[in-house]
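**Q** Going down the list, the sequences are from chains A and B. Everything in the first sequence is counted per the working numbering, starting at 1486 for the first residue and increasing by one. Everything in the second sequence is counted per the working numbering, starting at 9 for the first residue and increasing by one. Below is a structure I'd like to ask you about.
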Amino acid sequence: DAMVIQNPRYQVTQFGKPVTLSCSQTLNHNVMYWYQQKSSQAPKLLFHYYDKDFNNEADTPDNFQSRRPNTSFCFLDIRSPGLGDAAMYLCATSRVSNQPQHFGDGTRLSIL
Amino acid sequence: DQQVKQNSPSLSVQEGRISILNCDYTNSMFDYFLWYKKYPAEGPTFLISISSIKDKNEDGRFTVFLNKSAKHLSLHIVPSQPGDSAVYFCAASVMDSNYQLIWGAGTKLIIKP
């Protein structure tokens, strides 16, 4: 089945220790998104790629970076995680901008 | 400023009855609306959408109604089934915009047997 896969499902890191979350897709979609979701809140878009074009949301902290080395993979790098970065991180894809987004199951990040 | 609001954090409905989930928005530029369903420990799953040129879209047990003058949409599930217990998110966008979906905070639907 075509899908969006996020690894790992659960990630624990130490305060200030860099961490990378990964996302892969077999849908061959052009657009890939990273969202942050905290409990009982709406998902918050961090950034997205349309092919190789990177688009950062204005309020995404500099601490968050992303890489998309090819169509299938996208990475979220958190350079110096703080306690406030503990959240569920969701990756999504869409064929083009105005099509529904398909989500992975997320990575739950905990900060010690 | 919350542009998409789901004012009911939770809703409890008897199995077999109709579930009605509501969503209000403030931005009159929104022209595309979606509903997602999310089970615990899984990502959101797309359920149904509607563009602003329509006022109703139906897919099996799920119907979305859009009232543009009231800036309100609703998702009707009939009949409700135990597997419908989940968190439902409403999202909106401007179709020619920069890809961003604006999300509501979600409504937790509980279907009672």
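We treat Cβ as the ideally placed atom computed from N, Cα and C, and that holds for glycine. These numbers come from a predicted model, not from an experiment.
1. Exposed or buried, what is Thr1511 of chain A when buried is set at 16 or more other beta-carbons lying within 10 Å of its beta-carbon?
2. Would you identify the three-state DSSP class for Leu1594 of chain A, choosing helix, strand or coil?
3. Indicate whether the contact test is met: 3 or more Cβ pairs, each with one atom in the segment 1551 to 1560 of chain A and one in the segment 12 to 29 of chain B, closer than 8 Å.
4. Contact criterion: CB-CB distance below 8 Å. Does His1587 of chain A meet it with respect to chain B?
5. State buried or exposed for Phe1539 of chain A, treating a residue as buried only when at least 16 other CB atoms are found within 10 Å of its CB.
6. What are the boundary residues of the beta strand (DSSP E) that includes His80 of chain B?
7. Report yes or no: is there a C-beta of chain B within less than 8 Å of the C-beta of Leu1575 of chain A?
8. Flag this pair as yes or no: are the beta carbons of Ala113 of chain B and Ala1527 of chain A separated by less than 8 Å?
9. Quick one: what does DSSP say Leu109 of chain B is sitting in, helix, strand or coil?
10. Considering only residues of the same chain and omitting the five flanking positions on each side of Leu1530 of chain A, which have a CB-CB separation below 6 Å?
11. Using the Cα positions of Ser1525 of chain A and Ser1565 of chain A, report the straight-line distance between them to the nearest angstrom.
12. Could you check what DSSP says for Asp92 of chain B in three-state terms: helix, strand or coil?
13. Report yes or no: do three or more beta-carbon pairs, one from the segment 1501 to 1516 of chain A and one from the segment 1577 to 1591 of chain A, lie closer than 8 Å?
14. Determine the DSSP secondary structure at Leu1568 of chain A, reduced to helix, strand or coil.
15. Alpha carbon to alpha carbon, what distance is there between Leu109 of chain B and Lys45 of chain B?
16. Considering Gln1491 of chain A, what are the terminal residues of the beta strand (DSSP E) in which it resides?
17. Please confirm whether Asn1583 of chain A has its beta-carbon closer than 8 Å to some beta-carbon of chain B.
18. Are the C-beta of Gln1526 of chain A and some C-beta of chain B separated by less than 8 Å?
19. For the 8 Å Cβ check, are there 3 or more pairs between the segment 65 to 85 of chain B and the segment 28 to 35 of chain B?
20. Using a Cβ-Cβ distance under 8 Å, would Gln108 of chain B count as near chain A?
21. For the beta strand (DSSP E) containing Thr53 of chain B, list its first residue and its last residue.
**A** To lay it out plainly:
1. Taking the first sequence and counting its residues from 1, the one referred to as residue 1511 of chain A is at position 26. An exposed status is given to Thr1511 of chain A, since fewer than 16 other beta-carbon atoms sit within 10 Å of its beta-carbon.
2. Translated into positions along the first sequence, residue 1594 of chain A becomes position 109. In this structure, Leu1594 of chain A counts as strand in the three-state DSSP scheme.
3. No, the segment 1551 to 1560 of chain A is not in contact with the segment 12 to 29 of chain B.
4. As a first step, residue 1587 of chain A must be located in the first sequence, where it is residue number 102. Closer than 8 Å: yes.
5. Position 54 of the first sequence holds residue 1539 of chain A. Only exposed fits Phe1539 of chain A, as fewer than 16 other CB atoms lie within 10 angstroms of its CB.
6. As a first step, residue 80 of chain B must be located in the second sequence, where it is residue number 72. His80 to Ile85 is the span of the beta strand (DSSP E), which, as asked, contains His80 of chain B.
7. As a working note, residue 1575 of chain A is residue 90 in the first sequence. Interface residue, yes.
8. Walking along the second sequence from the start, residue 113 of chain B turns up at place 105. Walking along the first sequence from the start, residue 1527 of chain A turns up at place 42. Contact flag set, yes.
9. Walking along the second sequence from the start, residue 109 of chain B turns up at place 101. Coil.
10. On the first sequence, residue 1530 of chain A is found 45 positions in, with the first residue counted as 1. The residues are Tyr1520 and Glu1542.
11. Within the first sequence, the letter at position 40 stands for residue 1525 of chain A. Within the first sequence, the letter at position 80 stands for residue 1565 of chain A. When rounded, the distance between both Cα atoms is 25 Å.
12. Along the second sequence, one-based indexing puts residue 92 of chain B at 84. Three-state result, Asp92 of chain B: helix.
13. Remark: three or more beta-carbon pairs, one from each stretch, lie closer than 8 Å, so the segment 1501 to 1516 of chain A and the segment 1577 to 1591 of chain A are flagged as touching.
14. Here residue 1568 of chain A corresponds to residue number 83 of the first sequence, with the count starting at 1. Leu1568 of chain A: helix per DSSP, three-state reduction.
15. One-based indexing of the second sequence puts residue 45 of chain B at position 37. One-based indexing of the second sequence puts residue 109 of chain B at position 101. For Lys45 of chain B and Leu109 of chain B, the distance between alpha carbons rounds to 15 Å.
16. Looking up residue 1491 of chain A in the first sequence gives position 6. That run of the beta strand (DSSP E) goes Val1489 to Asn1492.
17. By one-based count along the first sequence, residue 1583 of chain A stands at place 98. Output row for Asn1583 of chain A: interface = yes.
18. Counted from its first residue, the first sequence places residue 1526 of chain A at position 41. Cβ-Cβ to chain B under 8 Å: yes for Gln1526 of chain A.
19. Touching, yes.
20. Locating residue 108 of chain B in the second sequence gives position 100, counting from the first residue. At least one beta carbon of chain A lies nearer than 8 Å to the beta carbon of Gln108 of chain B.
21. The count along the second sequence starts at 1 and reaches residue 53 of chain B at position 45. Note, Thr53 of chain B: beta strand (DSSP E), Thr53 to Ser59.
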